[in-house]
Amino acid sequence: MEFFQSLYKKYYQRVYGTCFLILKNTALAEEATQDAFLKAYTNIHTLKDPAKFGAWVAAIATKQAINIYNRNKKVLTIAEEEFMEQYLKLNNERLYENEPCSQYLLQEKTEEIRKAILCLTPILKQMVILKYYWTLTDPEIAQVLKLPVGTVKSSLFRARKLLVKKLTSYHQEFMANKLVKGEPNAKGRV
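Numbering (the numbering used here), first residue to last: 2 to 191.
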């Protein structure tokens, strides 16, 4: 029990952050986090390599969050300000504390990336979170999701292409809005 409590303390923030990234709702993210740890606790005997606990619980949490999201699609609403406040609070170690301009730019980029990730299918979203938020390797993702490594690689390639396309459209929309408002573009022209 003490061993599991130490794992809970070690991974709680990342698991909660993963769930919150998907659900955008503190109560539902907490529910998914608790469900994931409960499922991990009851099935820990099936974990072959204790060093892979983080990846294993991340996969469980992602699946739990996606299931909750699918069950509650119609009622999952939250004020954008509350979401950004919570999300950035979870990731504040990445922000430059003494540079407000850098903070703002990072917040803008983070929000654009989050929106793009949320547009992906559940399996691609899960793979992207495991790859870039949990920093798992392709073989680790394949093992956690019980998929061939080739499938993971091709799916991540497809996800990256979709994200680039989506982020490019966000950037073009942003620049178009600046021009409509009469703000100078990157070259200083209106």
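The C-beta atom is built at its ideal place from N, Cα and C for all residues, glycine as well.
In this text, all values refer to a predicted model and were calculated from it rather than measured experimentally.
Query raised in the report: Where does the unbroken alpha helix (DSSP H) through Met128 begin, and where does it stop?
Result: 123-129
Query raised in the report: Which first and last residues belong to the alpha helix (DSSP H) in which Tyr133 is found?
Result: Where Tyr133 is concerned, there is no enclosing alpha helix (DSSP H), given that its DSSP letter is neither H nor E.
Query raised in the report: CB Asn24 to CB Ala37, shorter than 9 Å?
Result: According to the sequence as given, residue 24 is Leu; it is not Asn. Taking 9 Å as the Cβ cut-off, Leu24 and Ala37 do not qualify as a contacting pair.
Query raised in the report: Cα separation between Ile79 and Ala28?
Result: For Ile79, the predicted structure reports a pLDDT of 44, less than 50, and the residue's modelled location is therefore unreliable. A value from the coordinates is still provided. So the alpha carbons of these two residues sit roughly 11 Å apart.
Requested in this report: Pull up the CB-CB distance for Ala143 and Val150, whole angstroms please, since I reckon it's below 8 Å.
Outcome: 4 Å
Query raised in the report: Under 9 Å, do Cys20 and Gln65 count as touching if we go by C-beta distance?
Result: yes
Query raised in the report: If we ignore side chains and look at the alpha-carbon of each, how far apart do Leu22 and Phe4 end up?
Result: 27 Å
Report task. Report buried or exposed for Gln14, applying the criterion of at least 16 other Cβ atoms within 10 angstroms of its Cβ. Result -> exposed
Query raised in the report: Can you give the Cα-Cα distance for Lys49 and Ser170, rounded to whole angstroms?
Result: 43 Å
Query raised in the report: Using CA coordinates, which residue listed in Asn44, Trp57, Met2, Thr47 is at the minimum distance from Tyr12?
Result: Trp57
Query - Sequence-distant residues of the same chain with beta carbon closer than 7 Å to Glu94, five excluded per side - result: Residue placement at Glu94 is poorly supported in this model, since its pLDDT is 49, which falls under 50; the coordinates still yield a value, given next. Closer than 7 Å at Cβ, skipping near neighbours: no residue.
Query raised in the report: Cα separation between Ala52 and Ile69?
Result: 28 Å
**Report entry** Candidates Met2, Met128, Thr136, of which the one nearest His46 by Cα
**Finding:** Met2
Query raised in the report: Ile47 by DSSP, collapsed to three states: which one?
Result: Checking the displayed sequence, the identity of residue 47 turns out to be Thr instead of Ile. Helix.
Query raised in the report: Taking DSSP as the reference, what is the three-state secondary structure of Thr152?
Result: helix
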